[in-house]
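Following full-length UniProt numbering, the numbering of the sequence shown begins with 1 at its first residue and continues without gaps.
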Amino acid sequence: MNRTEKQENKYLGKVYLVGAGPGDPGLITLKAKGLLECADVVIYDALVSPAILAMINPQAEQINAGKRRGKHSLFQEETTQLLIEKAQDHAIVVRLKGGDPFIFGRGGEEMEELVNAGISTEVVPGITSGIAAAAYAGIPLTHRLYSSSVTFVTGHEAAGKYRPKVDWNAIAHGSETIVIYMGIHNLPYIVEQLSAAELNLETPIALVRWGTRPEQEELIGTLETIVEQVEQTGFGAPAIAVIGQVVNMHNILSSCRPV
Numbered sequence: 001m002n003r004t005e006k007q008e009n010k011y012l013g014k015v016y017l018v019g020a021g022p023g024d025p026g027l028i029t030l031k032a033k034g035l036l037e038c039a040d041v042v043i044y045d046a047l048v049s050p051a052i053l054a055m056i057n058p059q060a061e062q063i064n065a066g067k068r069r070g071k072h073s074l075f076q077e078e079t080t081q082l083l084i085e086k087a088q089d090h091a092i093v094v095r096l097k098g099g100d101p102f103i104f105g106r107g108g109e110e111m112e113e114l115v116n117a118g119i120s121t122e123v124v125p126g127i128t129s130g131i132a133a134a135a136y137a138g139i140p141l142t143h144r145l146y147s148s149s150v151t152f153v154t155g156h157e158a159a160g161k162y163r164p165k166v167d168w169n170a171i172a173h174g175s176e177t178i179v180i181y182m183g184i185h186n187l188p189y190i191v192e193q194l195s196a197a198e199l200n201l202e203t204p205i206a207l208v209r210w211g212t213r214p215e216q217e218e219l220i221g222t223l224e225t226i227v228e229q230v231e232q233t234g235f236g237a238p239a240i241a242v243i244g245q246v247v248n249m250h251n252i253l254s255s256c257r258p259v
């Protein structure tokens, strides 16, 4: 038996990186729901909705590893180490993440560490908020008349990453629709960068907060007005931003929001 095989045999269990979706419990996948119902341990993030948490096996150990701006229940290294430790003693360990694990959710980083540790790991994709929140707000990200391309980008970059900053000039001209995750706190800077890239200040923008949940709310404006609107209304995170002509569909389609 080689060293890798010996290492793998240390671990009883398997870790599932599960996407919880954006919040509406009706949007979680059947596979994700089944894993929650039979899990031994569930380590979950801050943005997982209470309705999703209610699906967890009552006998399962539940651990909050949530990260919100300036507040960490566990640091990333602690979360990864905890997953490794739990896999030594439990058969089904679920790492439950809001949205999709591989879309701005550090799922790739966590899975890499788990694989390097010799732990059996599987990803269960979820519906990402950038798609679902926009849809629930009546904003189709593509439309034959307005948009044939979409760019997803983070508005909150990690320190020490592979390059120092998002190329907002390229983003501004790269597609007809821009979807920004975690961008509310940096919105003035983002708007300034898009303006410097000569994106028309009359371009519509929608901010969607708590997407797909009962408390979902939207703030509609333009690049020229949105920062002032946020300041006046106190509109805050967690929210996504959608920029482009498709935002104009909100007035037509928002009354058809799912219930």
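We put the beta carbon where it would ideally sit given N, CA and C, even for glycine.
Look at the Cβ atom of residue i, then the Cβ atom of residue j, and state whether they are nearer than 7 Å.
{"i": "I127", "j": "L27", "result": "yes"}
{"i": "L36", "j": "I63", "result": "no"}
{"i": "I240", "j": "Y189", "result": "no"}
{"i": "P22", "j": "A51", "result": "no"}
{"i": "S149", "j": "S175", "result": "yes"}
{"i": "Q229", "j": "G236", "result": "no"}
{"i": "G211", "j": "Y136", "result": "yes"}
{"i": "A133", "j": "V208", "result": "yes"}
Counting only the same chain and skipping the five closest in sequence on each side, list residues whose C-beta sits under 8 Å from that of residue i.
{"i": "E122", "result": "K14, V15, Y16, L17"}
{"i": "I92", "result": "G13, K14, Y16, L35, C38, A39, D40, V41"}
{"i": "N248", "result": "Y146, P204"}
{"i": "G160", "result": "Because the pLDDT of G160 is 48, which lies under 50, any placement of that residue in the model is unreliable, and the number read from its coordinates should be weighed accordingly. Around G160: no qualifying Cβ."}
{"i": "L223", "result": "V191, L194, S195, L199, N200, L201, E202, T203, I205, I243"}
Quick one, which of the options has its alpha-carbon nearest residue i's?
{"i": "E202", "options": "I226, L187, D100", "result": "I226"}
{"i": "G118", "options": "V94, I84, A132, A60", "result": "I84"}
{"i": "V33", "options": "T222, Y146, V191, R95", "result": "Checking the sequence shown, residue 33 turns out to be Lys, not Val. Of the listed residues, the one whose Cα sits closest to K33 is R95."}
{"i": "A206", "options": "G183, G99, T80, E78", "result": "G183"}
{"i": "L114", "options": "A87, A132, K97, L219", "result": "A87"}
{"i": "H90", "options": "H156, E77, S120", "result": "S120"}
{"i": "C256", "options": "T142, G138, H143, K165", "result": "G138"}
{"i": "G155", "options": "Q232, W168, I43", "result": "W168"}
{"i": "T233", "options": "L219, S254, L223, P58", "result": "L219"}
{"i": "V48", "options": "L253, I252, P238", "result": "P238"}
{"i": "Q76", "options": "A60, L53, E110, E61", "result": "E110"}
{"i": "R144", "options": "A197, L187, N186, T177", "result": "T177"}
{"i": "L82", "options": "I43, A54, P58", "result": "I43"}
{"i": "H185", "options": "E112, H173, E231", "result": "E231"}
For residue i, collect the residues of the same chain with a Cβ closer than 6 Å to its Cβ; drop the 5 residues on either side in sequence, then sort them by chain order.
{"i": "F152", "result": "G130, V179"}
{"i": "P101", "result": "L17, G19, G107, V123"}
{"i": "D45", "result": "G66, K97, G98"}
{"i": "L253", "result": "G138"}
{"i": "E61", "result": "V41"}
In chain order, what residues of the same chain have a beta carbon less than 7 Å from the beta carbon of residue i, not counting five sequence neighbours either side?
{"i": "P140", "result": "V246, M249"}
{"i": "P258", "result": "Y136"}
{"i": "N116", "result": "none"}
{"i": "T80", "result": "E110, E113"}
{"i": "T29", "result": "V124, G126"}
{"i": "L53", "result": "Y44"}
{"i": "K31", "result": "V124"}
Is there a C-beta anywhere in chain D that falls below 7 Å from the one on residue i?
{"i": "A133", "result": "In summary, chain D is missing from the structure at hand, where a single protein chain is found."}
Discussion item. Can you confirm whether the stretch 102-114 touches the stretch 198-217 when touching is taken to mean that 3 or more C-beta pairs between the two stretches lie within less than 8 Å?
Written reply: no
Item to complete: Mind listing, in chain order, the continuous alpha helix (DSSP H) runs of no fewer than 4 residues lying wholly within the stretch 197-259?
Response: 226-233, 250-253
Worksheet entry | Length at least 4, wholly inside the stretch 23-69: the alpha helix (DSSP H) runs in chain order | 30-38, 50-53
Worksheet entry | Entirely enclosed beta strand (DSSP E) segments - the stretch 116-143, minimum 3 residues | 120-124
Practice prompt. Ignoring anything shorter than 3 residues or poking outside the stretch 78-121, list the beta strand (DSSP E) runs there in chain order.
Written response: 92-97
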